[in-house]
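Line by line, the protein sequences give chains A and B. Take the first sequence: its position 47, counting from 1, is numbered 47 in our numbering, and each next residue is one higher. Take the second sequence: its position 14, counting from 1, is numbered 1014 in our numbering, and each next residue is one higher. Some notes on the structure that comes next.
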Amino acid sequence: MTAPLLEVDDLRTHFHLPHGTLRAVDGVSFTLDAGRTLGIVGESGSGKSVLARSIIGLLPMAQAHKAGGRVLFAGRDLRQLPESAMRQVRGPQIAMIFQDPLTSLNPVMTVGRQIVQVLRQHTDLSATAARARAVELLNEVGIPDPKQRAGEYAHRMSGGMRQRIVIAIALACNPRLLIADEPTTALDVTVQAQILDLLRRLQDKHAMALILITHNLGVVAEMCDDVAVMYAGRIVEQAPVGDILDRPRMRYTHALLQSVPDIDNPSHMRLPVIPGQPPNLIAPPVGCRFAPRCGFRQDRCDTDMPPQSEASAHHRFACFNPAPEH
Amino acid sequence: MAGSGTAHLQREAALLSAHNLVRTYKAKGGRRVQALSDVSLDIVAGETLGVVGESGSGKSTLARAIMALPAPDGGTVAFDGADMLAARGAGLRSLRHHMQMVFQDPLSSLNPAHRILDIVEMPLLVAGRGTAAERRRIVLETLRSVGLDGEQIGHRRPYELSGGQCQRVSIARALVLRPRLLVCDEPVSALDVSVQAQVLNLLEDAKATFALTMLFISHDLGVVKGISDRVAVMYLGKLCEIAPTDSLYAAPRHPYTATLLASVPSLKPRQRTQQPQMPRGETPSPLDVPSGCRFRTRCPAATDRCAREEPQIRMVEGSTGHFVACHHPG
């Protein structure tokens, strides 16, 4: 068995704030093999974006504190690399795309030049060759009239086109891992379908691993091989997508799936709700962090952190009183 | 798609009838954007009418035109027989007391400097209702009906509450005048899914408690399906299709509706007999709308006729209340 492409081990990222330490990511472990897609789902404040930025080292280090853990990428611990070495990882090895394509693009530089810049930085292509490659990339991500579009600015393009440009930039150096943080959340649903399809095709073609961060469980169902569910800074359940959707064990996962107004639900169906709010991560509950909202809480849930149990070889969850297996 | 016409109007029992609404905005360079182009709708007393569409479809403009906020450039709006657009001043204000609105962003639609009790009381003050003691009683009662304890949170300000609590306050403010029509414009889009379910259930409860009629606007087809009795689909300022919820979701007739539904990722594996067709292109600029049917540039079924002739809304043969504006309905 070969080593995984990415191994995240007990990762902790804390923020030192005036009124305390916010434990945004607090002991997260997972592995990702080359070419696979891992979905990371969770609600606002669950720590999924901080996790992604911790992997790629894109956090304001003045406030964010590397409180522990390792990020092994192709055998190297990225947490230990100096910034100069990280710059050689970001782009050629790991690329990232974000929710809002407009703020990811430079408004005063043509989109073609932005791609050329990346290519010139990380490859030895000549200026002419880089320009030709940029047009090829635009074509690959489905931009009509790529040659002409390369000379235009982002503000002239629709949201879907901008996200295609961002994807073209991310893929310019053939990264082995793409981290996509809510890549379709700002897009209309028909455009979302196109962008997801594009990501799927490009991932196949480039044999790239993908971490897809989203709050949309439908997107996870359509895109991912494996899923990690985050709650209050921790992964509470991880499994192949079918197990998560059909056989969730952790009570939070179960409740979250139930509360989705799915398009295949009957109309006027009463949605089961999760009462209350996620905890404050400056002073999270000592036991299971979901316990205060959980309908299946036991006494020990308040005092002990549930360990990761195995439902099967690839299905792990942290719950003292899990949903029964069917 | 994208049709005009009034064949779908129910006339009987309509609490609100909007006919031939047009709303044009001026754009740079003297150009004009028709955000709402000859849209007619009626909302039957007691129903929840859902409106779905993507960005730029005109769904929010529709909500505002109905409330005369601002009034549309053309068309008529009748609320329980009263002409909304002819009403002025006090007459318009008293009509609006019967129709209240809930907006998408709960935090920015609440005054950050005001206490929750004052925010919810404001409509009563504007309407000149009751004594201070009576108003306080109504405010607390309304807060309780949305699951908030006014004694406990009434003296706080919006930024001290969570997003879900703020949206409850917005709903309480909309309900405090006991309106007959509640217009909700993306009321749960800014909320996390677990909180979203709480607010959706709350709206269903409020509808029953206060005998409301509801216009519910959202880009989320799952949310709309859950709450609506009938659903209208909009595209680029036009109405494409309107039908009872189950009929629309089970058998969409407009190619745009079909495209939309096929694009929504579902948790449940759907029985797909064939690979769903990828939607083509993106919504054209509203500054430069296609001739004839506005969806034709992205429509797999488009023909020459679609470019020449705008389809009129008509009833699907053999259906109950299923209307579509398409030359080649599925």
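Each residue gets a CB set at the ideal place from its N, CA and C atoms; glycine is no exception. What you are looking at is a predicted structure, and each value in this text was computed from that prediction instead of being measured.
*Cβ of Ala-154/A within 7 Å of Cβ of Leu-138/A?*
By 1-based counting over the first sequence, the position of residue 154/A is 154. By 1-based counting over the first sequence, the position of residue 138/A is 138. No, the pair does not count as a contact, with Cβ atoms beyond the cut-off.
_7 Å Cβ cutoff, Pro-248/A in contact with chain B_ = Counted from its first residue, the first sequence places residue 248/A at position 248. Chain B, which has no Cβ nearer than 7 Å to the Cβ of Pro-248/A, makes this no.
*Look at His-1328/B and Ala-1307/B and say whether their C-beta atoms are less than 7 Å apart.*
Mapped onto the second sequence, residue 1328/B falls at position 328. Mapped onto the second sequence, residue 1307/B falls at position 307. No.
*For Thr-1245/B, decide whether its Cβ has a neighbour in chain A, counting only Cβ atoms nearer than 7 Å.*
Counting from one through the second sequence, the residue named residue 1245/B turns up at place 245. It does; some Cβ of chain A falls within 7 Å.
*Should Gly-35/A and Ala-209/A be called a contact, given that it needs their Cβ atoms to be closer than 7 Å?*
Translated into positions along the first sequence, residue 35/A becomes position 35. Translated into positions along the first sequence, residue 209/A becomes position 209. Against a cut-off of 7 Å, the Cβ pair of Ala-209/A and Gly-35/A comes out as a contact.
*Hey, is Glu-1333/B's beta-carbon within less than 7 Å of any beta-carbon in chain A?*
Because residue 1333/B is not part of the residues shown, which for chain B are 1001 to 1330, the question remains open.
*DSSP state of Tyr-231/A, grouped into three classes?*
Position 231 of the first sequence, counted from the start, is the residue given in the question as residue 231/A. Here Tyr-231/A carries a strand assignment [DSSP, helix/strand/coil].
*Taking Cβ-Cβ distances shorter than 7 Å, what residues in chain A pair up with Ser-1055/B?*
In the second sequence, counting from the first residue as 1, residue 1055/B sits at position 55. Near Ser-1055/B (Cβ distances below 7 Å), the residues of chain A are Asp-188.
*asked:* By alpha-carbon positions, which one of Cys-319/A, Ala-283/A, Gly-287/A ends up nearest to Gly-20/A?
replied: As a working note, residue 20/A is residue 20 in the first sequence. Residue Ala-283/A is the option with its Cα nearest to Gly-20/A.
_Which complete beta strand (DSSP E) runs does the segment 1099-1178 of chain B hold, if anything under 3 residues is left out?_
Correct list: 1099-1102.
*Identify, in the order they occur along the chain, each residue of the same chain with its Cβ nearer than 7 Å to the Cβ of Ala-1127/B, setting aside the five sequence neighbours on each side.*
Counting from 1 along the second sequence, the entry for residue 1127/B is found at position 127. Once the five neighbours on either side are set aside, the close Cβ partners of Ala-1127/B are His-1097, Leu-1177.
_Please confirm whether Thr-1273/B has its beta-carbon closer than 7 Å to some beta-carbon of chain A._
Along the second sequence, read from residue 1 onward, the residue named residue 1273/B stands at position 273. Caution is warranted here: a pLDDT of 38 is assigned to Thr-1273/B, below 50, making its placement in the model unreliable, and the coordinate value is therefore given only provisionally. Thr-1273/B does not count as touching chain A.
_Backbone secondary structure at Gly-159/A - three-state DSSP_ = Mapped onto the first sequence, residue 159/A falls at position 159. In the structure shown, Gly-159/A sits in a helix (DSSP, three-state: H, G or I).
*Please say whether Ile-56/A and Ala-115/A have beta carbons closer to each other than 7 Å?*
As a position in the first sequence, residue 115/A is number 115, starting the count at 1. As a position in the first sequence, residue 56/A is number 56, starting the count at 1. In the sequence as presented, Ala is not what sits at residue 115/A; that position holds Ile. For the 7 Å CB-CB criterion, Ile-115/A and Ile-56/A do not form a contact.
*Could you tell me whether the Cβ of Pro-240/A comes closer than 7 Å to any Cβ of chain B?*
For the purposes of this step, residue 240/A is identified with residue 240 of the first sequence, where counting begins at 1. Not one chain B Cβ lies under 7 Å of Pro-240/A.
*Unbroken alpha helix (DSSP H) run spanning His-353/A, endpoints*: Residue 353/A lies beyond the range of chain A shown here (1 to 326); nothing can be said about it.
*asked:* Quick check: what's the CA-CA separation for Ile-235/A versus Val-28/A?
replied: Along the first sequence, one-based indexing puts residue 235/A at 235. Along the first sequence, one-based indexing puts residue 28/A at 28. Linking Ile-235/A to Val-28/A through their CA atoms gives a straight-line distance of about 6 Å.
_Helix, strand or coil at Gln-238/A [DSSP, three-state]_ = Taking the first sequence and counting its residues from 1, the one referred to as residue 238/A is at position 238. Look at Gln-238/A here: in three-state DSSP terms it is strand.
*Based on the DSSP secondary-structure assignment, which residues constitute the bridge partners of Arg-1314/B?*
Here the question's residue 1314/B lines up with position 314 in the second sequence. The bridge partners DSSP lists for Arg-1314/B are Val-1324/B.
*Alpha-carbon spacing of Gly-1089/B relative to Ala-291/A, whole angstroms*: Here residue 1089/B refers to the residue found at position 89 of the second sequence. Here residue 291/A refers to the residue found at position 291 of the first sequence. Approximately 54 Å between the Cα atoms of the pair.
*Buried or exposed: which applies to Pro-1112/B, given that a residue is buried once 16 or more other Cβ atoms fall within 10 Å of its Cβ?*
Walking along the second sequence from the start, residue 1112/B turns up at place 112. Classification of Pro-1112/B: exposed, given that the 10 Å Cβ count is below 16.
_For Ala-1035/B and Pro-1072/B, the rounded distance between their alpha carbons_ = If you number the second sequence from 1, residue 1072/B lands on position 72. If you number the second sequence from 1, residue 1035/B lands on position 35. Between Pro-1072/B and Ala-1035/B, the C-alpha separation is close to 10 Å.
_Alpha-carbon to alpha-carbon, Arg-1023/B and Val-1033/B_ = Here the question's residue 1033/B lines up with position 33 in the second sequence. Here the question's residue 1023/B lines up with position 23 in the second sequence. Between the alpha carbons of Val-1033/B and Arg-1023/B lies a distance of about 8 Å.
_Where Met-223/A falls: helix, strand or coil (DSSP)_ = One-based indexing of the first sequence puts residue 223/A at position 223. Looking at Met-223/A - three-state DSSP - the assignment turns out to be helix.
*With DSSP as the reference, please indicate the residues paired to Thr-1048/B in a beta bridge.*
The residue labelled residue 1048/B in the question sits at position 48 within the second sequence. Met-1214/B, per the DSSP bridge assignment.
*Between the segment 208-228 of chain A and chain B, which residues of the former have CB atoms less than 9 Å from a CB of the latter, in chain order?*
Under the 9 Å Cβ criterion, the segment 208-228 of chain A contributes His-215, Asn-216, Leu-217, Gly-218, Val-219, Val-220, Ala-221, Glu-222, Met-223.
*Could you tell me whether the Cβ of Gln-1198/B comes closer than 7 Å to any Cβ of chain A?*
Locating residue 1198/B in the second sequence gives position 198, counting from the first residue. Chain A contact via Cβ: present.
*Mind checking who Gln-308/A pairs with in its DSSP beta bridge?*
On the first sequence, residue 308/A is found 308 positions in, with the first residue counted as 1. Note: Gln-308/A is bridge-paired with Ala-318/A in the DSSP secondary-structure output.
*Alpha carbon to alpha carbon, what distance is there between His-314/A and Ala-24/A?*
Counting from 1 along the first sequence, the entry for residue 24/A is found at position 24. Counting from 1 along the first sequence, the entry for residue 314/A is found at position 314. Taking the straight line joining both Cα atoms gives about 25 Å.
*Thinking just about the alpha-carbon of each residue, which of Asp-9/A, Leu-32/A, Phe-15/A is nearest to the one in Asp-225/A?*
As a working mapping, residue 225/A is identified with position 225 in the first sequence. Closest by alpha carbon: Leu-32/A.
_Opposing strand residues paired with Met-1234/B [DSSP bridges]_ = For the purposes of this step, residue 1234/B is taken as residue 234 along the second sequence, with counting starting at 1. In the DSSP output, where bridge partners are listed per residue, Met-1234/B has Leu-1239/B.
*Please state whether DSSP places Lys-1026/B in a helix, a strand or coil.*
In the second sequence, counting from the first residue as 1, residue 1026/B sits at position 26. Assigned with DSSP and collapsed to three states, Lys-1026/B falls in strand.
*State yes or no: is the beta carbon of Lys-1059/B nearer than 7 Å to at least one beta carbon in chain A?*
What you label residue 1059/B is simply residue 59 of the second sequence in a count that begins at 1. So no, Lys-1059/B is outside the interface.
*Alpha-carbon spacing of Val-141/A relative to Gly-112/A, whole angstroms*: Working through the first sequence from its first residue, we reach residue 141/A at position 141. Working through the first sequence from its first residue, we reach residue 112/A at position 112. Using only the alpha carbons, I get a separation of about 13 Å.
_Any beta strand (DSSP E) of 3 or more consecutive residues that is wholly inside the segment 63-105 of chain A_ = Listed in chain order, the beta strand (DSSP E) elements of length 3 or more contained wholly in the segment 63-105 of chain A are 64-73, 94-97.
*How should Thr-128/A be labelled, buried or exposed, when 16 other C-beta atoms within 10 angstroms of its C-beta is the threshold for buried?*
The count along the first sequence starts at 1 and reaches residue 128/A at position 128. Thr-128/A should be labelled exposed.
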